[in-house]
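This report refers to the structure that appears directly beneath it.
Numbering (the working numbering), first residue to last: 55 to 261.
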């Protein structure tokens, strides 16, 4: 089986990739960098890629995609309270496009219940609605200490906790219980297809 991992520089998503690779999956990582200065997080992401590959004993291709252009359009045109959910839906669409090109059958995320606004049950359901491709969340029932234990085992923990620029697009009061009707209305304000096309075209690939 092959899946596309939404890889951030945090603790959770590298662990999700490591867990799935240990279960025999071929994993392709897609990282979307929202930093205002492109490439700021690239070194950290490449280090995580190397450690995951070494720990799992399998290669992991990495797609690095600047995300600030997409999020600039979202924040300029849409209600700020829905920014996090709209961002995650865009990430799912971009990951699904890459999955189709790579012959992958699922999206993999590091979501665990309730840690951030996009990870409430209500918002997770809305995020999954963005694409028909299955979304696998291997950490969904784990608590933070369990995830950290696996991160230390994989060797990714110390890299994950190093400083990285915070996302500049997080609103002051993100919605933790969005409605699909409202999200679809917000997405009418942006050209979703064009933004996905532009993101995929801008990808840099690291074997």
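Note that beta-carbon positions come from the ideal geometry of N, C-alpha and C, so glycine has one too.
| query | result |
| --- | --- |
| Nearest residue (CA-CA) to residue 117, options 81, 226, 75, 191 | 81 |
| Whether residue 56 touches residue 158 by CB criterion (9 Å) | yes |
| Run of the alpha helix (DSSP H) containing residue 96, from where it starts to where it stops | 96 to 110 |
| Spatial distance of residue 239 from residue 110 (CA atoms) | 42 Å |
| Between the CA atoms of residue 63 and residue 99 - distance to the nearest angstrom | 6 Å |
| Pairwise C-alpha distance: residue 164 and residue 200 | 13 Å |
| DSSP three-state assignment for residue 193, whether helix, strand or coil | coil |
| Counted within 10 angstroms of its Cβ, other Cβ atoms place residue 69 as buried (16 or more) or exposed | buried |
| Collapsed DSSP secondary structure at residue 139 in the structure displayed | helix |
| Rounded Cβ spacing between residue 83 and residue 143 (contact assumed at less than 8 Å) | Actually they do not touch by this definition, with Cβ atoms about 19 Å apart. |
| Collapsed DSSP secondary structure at residue 75 in the structure displayed | helix |
| Three-state secondary structure assigned by DSSP to residue 151 | helix |
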